């Protein structure tokens, strides 16, 4: 008998560690003595306990799935997991219930941290013919539509938004908007089912206006707040996103409290998402994440999602387990972009996710004027097609990572391990220790 290779040891404090079985999703806290025994047993192909204490440890590890007869048994276990995951993913690829329409790449804002700043400027707007083409492609399948940009809610997009709402009048809508023209769109928005409109406010009026301003430099805060209030009064759900770095983090946390107390219908229709901006370095991102986690520990998942900080990656089974006590489900690939998500832009291109829009090397095909799918690495990228992932002990917790972070744009069949390593070794120990401290506090 031997220890599985798919085990992960995560250092805590006082010499303790978390022992993670990435094959079955089980996690155990072990002390320093047990950790040393496991490290010693990891070096041998046949475990021979030295005493009664080690006999008991071996028995417990066997029950928890950390022990196999040999490498061949572990390989068969992995093959079985991969086979089931592939079947599930292949089935999901046939379902096209969620789509995004990038109505235009135009935007009336000039936010310095926007991830679309590198996209070539374009005033083009999606046409009715394009909408009709998408409708015919996916007739009867679509249940949720995400309107995105650029900025989807502009005076010049009013007509196409209206047409989309008429074409798909029974689906649920999500809209990501800077919020500047919300007031002008209230009449339209009331005609359809809105799951939520995500609007960004980066702190107080002064801070927000210094970070999110019009293309002519004028402020935006007051007009956005006015539109948000009108939406809330009309029971249109608003999700306020706050992009933070170390300069505005505490201010955004305080501003959230103020908005919850002052905005109408906040307890029913208002939620928040506080997340680090793309450009912060690794050290700052870890600091920001830990601070936000500290505010959420002790709350249940519904409380955290509705009125707190939905900033953690939905792509981390380990963090979802530690934060929400969800079962750790193995990952075949990184996210929905690898499976069945379609993003249609106003130039006729199809992309796999909103972060990829405008970058043609990530396009998976075209839909207008004719439908053509490309052989693209994102749709076929998974832990079986990425050579380094096939025997990696982290693969089932990682799914190969996000391909958009790979420097070699011509070869997406490489792993992107950065976020997973950060989640496992920097964030997970903090969450686990913080959770335990809150639990002990509650007992006293």
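In this note's numbering, the protein residues as written are 564 to 1007. Ideal placement from N, C-alpha and C gives every residue a C-beta, glycine not left out. Owing to the predicted nature of the structure, the values given are computational and were not obtained by experimental measurement.
Please report the straight-line C-alpha distance between residue i and residue j, rounded to a whole angstrom.
| i | j | result |
| --- | --- | --- |
| residue 733 | residue 604 | 59 Å |
| residue 947 | residue 955 | 11 Å |
| residue 869 | residue 651 | Any reading at residue 869 must be qualified, since the residue scores a pLDDT of 49, below 50, and its modelled position is unreliable; the value itself is stated next. Using only the alpha carbons, I get a separation of about 30 Å. |
| residue 972 | residue 743 | 35 Å |
| residue 977 | residue 627 | 32 Å |
| residue 594 | residue 886 | 22 Å |
| residue 953 | residue 826 | 50 Å |
| residue 983 | residue 961 | 6 Å |
| residue 836 | residue 679 | 20 Å |
| residue 588 | residue 841 | 30 Å |
| residue 915 | residue 923 | 11 Å |
| residue 919 | residue 974 | 15 Å |
| residue 966 | residue 941 | 7 Å |
| residue 714 | residue 834 | 21 Å |
| residue 738 | residue 796 | 18 Å |
| residue 950 | residue 959 | 14 Å |
| residue 688 | residue 706 | 23 Å |
| residue 823 | residue 830 | 7 Å |
| residue 629 | residue 570 | 7 Å |
Between residue i and residue j, is the Cβ-Cβ spacing less than 8 Å?
| i | j | result |
| --- | --- | --- |
| residue 854 | residue 800 | no |
| residue 994 | residue 882 | yes |
| residue 567 | residue 631 | yes |
| residue 905 | residue 913 | yes |
| residue 644 | residue 893 | yes |
| residue 731 | residue 760 | no |
| residue 717 | residue 789 | no |
| residue 572 | residue 582 | yes |
| residue 930 | residue 700 | yes |
| residue 809 | residue 851 | yes |
| residue 600 | residue 622 | no |
| residue 798 | residue 828 | yes |
| residue 945 | residue 899 | no |
| residue 909 | residue 724 | no |
| residue 726 | residue 691 | yes |
| residue 590 | residue 884 | yes |
Mind checking residue i: buried by the 16 CB within 10 Å criterion, or exposed?
| i | result |
| --- | --- |
| residue 1003 | With a pLDDT of 38 at residue 1003, under the threshold of 50, the modelled position of this residue cannot be trusted, and the question is left open. |
| residue 999 | exposed |
| residue 693 | buried |
| residue 614 | exposed |
| residue 608 | exposed |
| residue 634 | exposed |
| residue 819 | buried |
| residue 653 | exposed |
| residue 669 | buried |
| residue 686 | exposed |
| residue 821 | exposed |
| residue 611 | exposed |
| residue 702 | exposed |
| residue 774 | buried |
| residue 963 | buried |
| residue 766 | buried |
| residue 584 | buried |
| residue 804 | buried |
| residue 750 | exposed |
Of the residues the options, which one's Cα is nearest the Cα of residue i?
| i | options | result |
| --- | --- | --- |
| residue 667 | 582, 648, 710 | 710 |
| residue 847 | 593, 609, 990 | 990 |
| residue 969 | 768, 805, 925 | 925 |
| residue 675 | 599, 788, 778, 766 | 778 |
| residue 814 | 769, 607, 755, 782 | 769 |
| residue 979 | 996, 850, 897 | 897 |
| residue 849 | 992, 686, 629 | 992 |
| residue 747 | 592, 794, 765, 737 | 794 |
| residue 933 | 941, 640, 907 | 907 |
| residue 620 | 830, 565, 884, 817 | 565 |
| residue 781 | 901, 706, 673 | 673 |
| residue 902 | 659, 579, 570, 986 | 659 |
| residue 741 | 624, 762, 647, 602 | 762 |
| residue 857 | 831, 891, 816, 637 | 816 |
| residue 764 | 640, 575, 784, 750 | 784 |
| residue 656 | 859, 957, 943, 639 | 943 |
| residue 663 | 712, 824, 771 | 712 |
| residue 891 | 838, 957, 579 | 957 |
Return the bridge partner residues of residue i from the DSSP annotation.
| i | result |
| --- | --- |
| residue 907 | 664, 913 |
| residue 802 | 761, 834 |
| residue 577 | Residue 577 is not bridged to any residue. |
| residue 584 | 570, 589 |
| residue 735 | 707, 756 |
| residue 839 | 807 |
| residue 623 | Per DSSP, none; premise fails for residue 623. |
| residue 688 | 667 |
| residue 928 | 913, 936 |
| residue 631 | 565 |
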